[in-house]
Structure formats: structure tokens, C-alpha cells
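Numbering-wise (my numbering), the sequence shown opens with residue 3 and increments by one. Glycine included, C-beta positions come from ideal geometry on N, C-alpha and C. Below is one structure; the comments refer to it alone.
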Amino acid sequence: MPLQVTNVQQREHVFVPALPGLEPAVRAEAEALGFSPQPVEGGVELTGAPGLHQEANLRLRTASRVWLRLGRFSAADAGALTQGLAGLPLGPVWDGRTVPRLSVVLHRARFKGPDAVLAAAARAWGLPSVERAGPLDEESSEGLTLLVRVEGDTCTVSADTSGEPLHRRGYRQEVSRAPLRETLAAGILVLAGYDGVEPLVDPMCGSGTFLIEGAWMSQRRAPGLQRAFAFERFPGFDAADWRARKARAEAEALPAPRSALRGHDINAGSLGTARRNARRAGVTLTLERQDVRTLAAPAGLGPGLVVVNPPYGKRVGEAEDLPGLYRAMGATFRRAFKGWRAAVLLPDDAGLVRALGLPEGRNLPVRNGGLRCRLLVSTL
Numbered sequence: 003m004p005l006q007v008t009n010v011q012q013r014e015h016v017f018v019p020a021l022p023g024l025e026p027a028v029r030a031e032a033e034a035l036g037f038s039p040q041p042v043e044g045g046v047e048l049t050g051a052p053g054l055h056q057e058a059n060l061r062l063r064t065a066s067r068v069w070l071r072l073g074r075f076s077a078a079d080a081g082a083l084t085q086g087l088a089g090l091p092l093g094p095v096w097d098g099r100t101v102p103r104l105s106v107v108l109h110r111a112r113f114k115g116p117d118a119v120l121a122a123a124a125r126a127w128g129l130p131s132v133e134r135a136g137p138l139d140e141e142s143s144e145g146l147t148l149l150v151r152v153e154g155d156t157c158t159v160s161a162d163t164s165g166e167p168l169h170r171r172g173y174r175q176e177v178s179r180a181p182l183r184e185t186l187a188a189g190i191l192v193l194a195g196y197d198g199v200e201p202l203v204d205p206m207c208g209s210g211t212f213l214i215e216g217a218w219m220s221q222r223r224a225p226g227l228q229r230a231f232a233f234e235r236f237p238g239f240d241a242a243d244w245r246a247r248k249a250r251a252e253a254e255a256l257p258a259p260r261s262a263l264r265g266h267d268i269n270a271g272s273l274g275t276a277r278r279n280a281r282r283a284g285v286t287l288t289l290e291r292q293d294v295r296t297l298a299a300p301a302g303l304g305p306g307l308v309v310v311n312p313p314y315g316k317r318v319g320e321a322e323d324l325p326g327l328y329r330a331m332g333a334t335f336r337r338a339f340k341g342w343r344a345a346v347l348l349p350d351d352a353g354l355v356r357a358l359g360l361p362e363g364r365n366l367p368v369r370n371g372g373l374r375c376r377l378l379v380s381t382l
């Protein structure tokens, strides 16, 4: 296969990965934004005008990060790999001085591990050595990270444009006992059909992630407005164009959510954390200390979405109490939220699903912090 490169001055191709289970959410979100996504394993691919990677980072709520495709070529041996890497158009993303980090993925490749790819990259770019990237969830926005994926004889190289993972919006500087990634919270809201207009209630709100993400969705506020990105350090970065993109996104945001957002928790400390996170996010939430077992029907609110990430029993002494808690929570939902939709993220445990006792609905596999979970969505 001859070297196929992306001319980022004329057309961009990006790969947008999502957490396992959120692929349909990122696809739906990209379609709603007019990106024309193509479903691929682990996420979607997008094609568009220059600056597409910036728009995707700025606006996608459910994506984990955004990779800018640089080229694809045949890599049947080490020589072909070196030649292909040498021919990549790295000028727009690399200053040629700092040492890039490589994240290497090999499937049925002919190379003996990632070290062979690192050595080929060093030869191709005239460097003494090339660093291997650490876990991408821990990557900062410093320096350049390239993804080198070798599938059989085909090598695809992409540049990380995000830096820190996209779930780091900038507002959540404190977490509760069971933190939920912002991207997962947004993805659950998308999968549950939250439209930004209907009421949203979280009866175990913790640090307020569901509610803050829901508020931003309701305000049409772009999730990337409060953070920095790796592409801001690219040699080809146009700061004036980026300021204009952010200004357009700011102008599109509504001054307040279009729906009522209410959170409850039995832990007063968690409610304090939620209030401070909401303040940093620029939103106002109605938060009350209350036990989910005795939660009353929300006064003055019509049917909407009740969403919850209950305990999973990972702490000492919790597991034996879970069935009773889930039975009580299900009873509260059926009593206080009749006619509403419920979205519950819970462990992949058939006994807990039965204890919850919700009406039959959608049962979607997702992962939360590496744990296999189920997202139950049903009408009460």
C-alpha cells in the first residue's frame, strides 16, 4: 500500500473513540452536530474541513479524545515501517525538536513488540530515541502524542489533539465517593433520550456530575470551553481562528438551563461538593439532603428523567446491603416518579436488576471505571 497522507490544510480525517458502550451515544451526538460520522470499532470517524479536530474537541460531550489522522501505509517489515513514518506530514503537529511520545497498538503485526516501532520512528525522524506514551487516561496536554496502529501489514498514524482526556471539563475539582466520568454521565443522558427540556432528577447525586452535564446540555453549552487542548501547542495552530470558534460556541449557549434540575443525597458533604462543582461550571442546581428510600414526588414537575449511579458494593460492608437498597430505590421510583423515565447505572448483576424491579425496558452494556455495568432505561 503506498503512503496515503492527510492534507490537513485541505481536509481532515479524525477518529473519535468512546468508552465501551457509548459508541451509539457519540454517533448520535456527532450526527446532531452535523459531523456525518462513520461508525468504526470503538467510536466514529469524521471527515471535514480544516479545524474539524478543534470543533470535535470543543463540542462532543461523549467522546474520550480526538485523534487527527496523519497517514496510512503498508508496513510489511521494519524497513517499510521506517520509510512510511519518514514520509508522514508531521509539520503541522510537531516542531521537530521535542521528542514525541508513541502509543503503539499491534494486531497481527510482524514486529516484535512496540519497541520495534519506537526504534523505527527514531530512525525515521533522526532522533536518538522516541518515548512510549503512558496510559492515555493519564496523558497531559504537554508535548505530542502519536498513535501508531498496525493491523496486519497496514499502519495508521494519528496525532492526539486533546491532551488530557475529554472527560476533564475543568469544573470538577472535587469528587464524591463514587466519581462518574463526565463523558459517561453525558453518554448515559444521551442514551436515555434526555432532551434538555424535560425535568432531570438525580436522587443520589454525589458530586453532581449528571446534573451539571444535563445543565450544559440544556443550555447548549459546549463542554470544551473551560479547558485547554493539545492542538493549541501545534506549530500550525491559529490562535485567532480558535478564539473565533470559541466565541461562536459561547454565543450559542443559553444563559440558563431550559429544564428544572434537582439533586438529592443523604450525604451532606457530597451536596457541598456538588454545589461547588456547579458553581465552577457556572450553573445553579436545586440540591436537598434526602434519603432515596423516603424521597417524595417532585412537587410541580411534570414527567421527565430520573437518573442515578447507585453504590456497587465495592466498599467493605456495602455488598450485603445492596439488595435492600435497590428494592427500596425501585419502590421510590415506582411511587414518586410514575410516568417518568428512569436511567440506572448498576453492576452487571442479575440479582440487583431483579431487586430494582423496574418495568422492562432497554438493558445496555457499558463500563464504568473498567467495571462491567448495565444501563437500565425504562418508563415507570
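Please name the residue in the options whose C-alpha comes closest to that of residue i.
i      : options                           : result
Val95  : Met331, Gly73 and Leu324          : Gly73
Pro361 : Thr296, Phe339, Gly136 and Ala242 : Phe339
Asp293 : Thr334, Arg67 and Arg222          : Thr334
Gln40  : Glu57, Pro22 and Val16            : Val16
Leu307 : Ala224, Ala241, Pro325 and Leu193 : Leu193
Ser160 : Glu252, Leu87 and Arg222          : Leu87
Thr64  : Ala280, Val150 and Ala27          : Ala27
Ser131 : Gly274, His109, Pro102 and Pro300 : Pro102
Met331 : Leu168, Ala357 and Glu166         : Ala357
Arg369 : His109, Leu168, Thr185 and Trp342 : Thr185
Glu166 : Gly136, Leu191 and Gly189         : Gly136
Gly284 : Phe75, Trp218 and Pro22           : Trp218
Arg343 : Gly326, Gly315 and Gly304         : Gly304
Gly89  : Pro116, Val42, Ala122 and Ala126  : Ala126
With burial defined as no fewer than 16 other Cβ atoms inside 10 Å of the residue's Cβ, what is the status of residue i: buried or exposed?
i      : result
His266 : buried
Ala34  : exposed
Ala241 : exposed
Val152 : buried
Asp323 : exposed
Gly371 : exposed
Thr286 : exposed
Ser38  : exposed
Pro399 : A query on residue 399 cannot be resolved here, the shown segment of the chain reaching from 3 to 382 and no further.
Val310 : buried
Ala352 : exposed
Pro367 : exposed
Asn365 : exposed
Gln221 : buried
Pro237 : exposed
Glu25  : buried
His169 : buried
Pro257 : exposed
Val346 : buried
So, for residue i: in the same chain, excluding its five sequence neighbours on each side, which residues have a beta-carbon less than 7 angstroms away from its beta-carbon?
i      : result
Gly172 : Gln228 and Arg229
Asp350 : Arg374, Cys375 and Arg376
Ala78  : Arg112 and Asp155
Ala246 : none
His1   : Nothing can be reported for residue 1: it is not among the residues displayed for the chain, which extend from 3 to 382.
Gly319 : Model confidence at Gly319 stands at a pLDDT of 44, short of 50, so the residue's coordinates are unreliable; what they give is reported in the following sentence. So no residue of the chain qualifies.
From the DSSP output, in three-state form, read off residue i for me.
i      : result
His169 : coil
Asn59  : helix
Phe17  : strand
Val101 : coil
Thr163 : coil
Ser209 : coil
Trp96  : coil
Phe75  : strand
Arg110 : coil
Asn269 : coil
Arg229 : coil
Arg174 : coil
Gln292 : coil
Arg67  : coil
Leu202 : strand
Gly319 : Summary for Gly319: the model assigns pLDDT 44, below 50, so the residue's position carries little reliability; its value from the coordinates is reported in the next sentence. In the structure shown, Gly319 sits in coil (DSSP, three-state: anything other than H, G, I, E or B).
Asn279 : helix
Ala30  : helix
Glu41  : The amino acid occupying residue 41 in the given sequence is Pro; Glu does not appear at that position. Pro41 falls in the strand class under three-state DSSP.
Gly326 : helix
Glu47  : strand
Gly372 : coil
Ser380 : strand
Arg260 : coil
Pro22  : coil
Ala122 : helix
Near residue i, what residues of its chain come up, given a Cβ to Cβ distance below 8 angstroms and the 5 sequence neighbours on each side ignored?
i      : result
Ala270 : Arg291
Leu297 : Pro205, His266, Thr334 and Ala338
Report all residues from its chain with a CB closer than 6 angstroms to the CB of residue i; omit the five preceding and five following residues, and keep chain order.
i      : result
Gly363 : Val379 and Ser380
Val150 : Leu104, Val106, Val119 and Val159
Gly359 : Gly332
Pro19  : Gly44, Gly45 and Ser66
Tyr314 : Pro349
Report yes or no: is there a C-beta of chain C within less than 8 angstroms of the C-beta of residue i?
i      : result
Pro116 : Looking for chain C here will not work: only one protein chain is present.
- request: Flag this pair as touching only if the stretch 48–56 and the stretch 206–217 have three or more C-beta atom pairs under 8 angstroms; answer yes or no.
  value: Touching, no.
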